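Below is one structure, written out as structure tokens, with a few remarks after it.
In the numbering used here, the protein residues as written are 675 to 873.
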């Protein structure tokens, strides 16, 4: 399972949050607690669970698109959020677009991280045809993305290094008799102001 969140994040009152499009930084109840996301991933029965976070976005040319949680900084990742990213639940991998005191740089054509990720995927992240027991090759992709990010961020005189934390569980032997997961019913998926709920 791979989940990608691209947007704003915040660290408020000693808690880490993802900010939905209608989130209000003055109202933490309108935000998505990172711990809640961790709890959902911890309960997920997938053998490999990867959460990609492209957060703390900042455009050197345009400035902030919405108010920063701190007027004293350029909205870089604070230490508290960084610590939470370093401590995902067992069996969960977190790939974050930047690290403490860094931003995810926004270029004229969008996120530098997402551009680097697209570039790395076009180049082929693995070799040959994958097998059911082969994990998603995230580690190799991180290296390729960071090589590309270095060039893109340097053009804006910024430093940005993505980082993978956490470990996947041991991949079990493939059981061809096990039925496939049921398709997602879009009618039972709803998004409110604070959570994505799949029932």
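Don't be surprised by glycine CBs; every beta carbon is placed ideally from N, CA and C.
Just so it is clear, the structure is predicted and the values come from calculations on it, not from any experiment.
Applying the 10 Å Cβ sphere with the 16-neighbour rule, what's the burial state of residue i?
{"i": "residue 696", "result": "exposed"}
{"i": "residue 756", "result": "buried"}
{"i": "residue 873", "result": "Annotation note: pLDDT 37 at residue 873 (below 50); position unreliable, coordinate value reported separately. Burial call: exposed."}
{"i": "residue 815", "result": "buried"}
{"i": "residue 828", "result": "exposed"}
{"i": "residue 783", "result": "exposed"}
{"i": "residue 715", "result": "buried"}
{"i": "residue 744", "result": "Reliability of the predicted coordinates at residue 744 is poor, the pLDDT of 44 falling under 50, and the value obtained from them is presented with this limitation in mind. Burial call: exposed."}
Less than 8 Å between the beta carbons of residue i and residue j, yes or no?
{"i": "residue 754", "j": "residue 679", "result": "no"}
{"i": "residue 722", "j": "residue 805", "result": "no"}
{"i": "residue 751", "j": "residue 775", "result": "yes"}
{"i": "residue 729", "j": "residue 681", "result": "yes"}
{"i": "residue 693", "j": "residue 683", "result": "yes"}
{"i": "residue 732", "j": "residue 698", "result": "no"}
For my contact list, residue i and residue j are in at a C-beta cut-off of 8 Å; report their separation, rounded to the angstrom.
{"i": "residue 790", "j": "residue 826", "result": "6 Å"}
{"i": "residue 823", "j": "residue 834", "result": "5 Å"}
Please name the residue in the options whose C-alpha comes closest to that of residue i.
{"i": "residue 766", "options": "782, 749, 712, 708", "result": "712"}
{"i": "residue 810", "options": "778, 845, 792", "result": "845"}
Just to confirm, does residue i get its C-beta within under 7 Å of one of the non-hydrogen atoms of the ligand ATP?
{"i": "residue 782", "result": "With respect to the ligand ATP, the structure shown offers nothing to examine, as it has no ligands at all."}
What are the residues that DSSP puts in a beta bridge with residue i?
{"i": "residue 878", "result": "Residue 878 cannot be examined here, being either before or after the span of the chain that is shown, 675 to 873."}
{"i": "residue 847", "result": "Per DSSP, none; premise fails for residue 847."}
{"i": "residue 806", "result": "Residue 806 pairs with nothing; no bridge assigned."}
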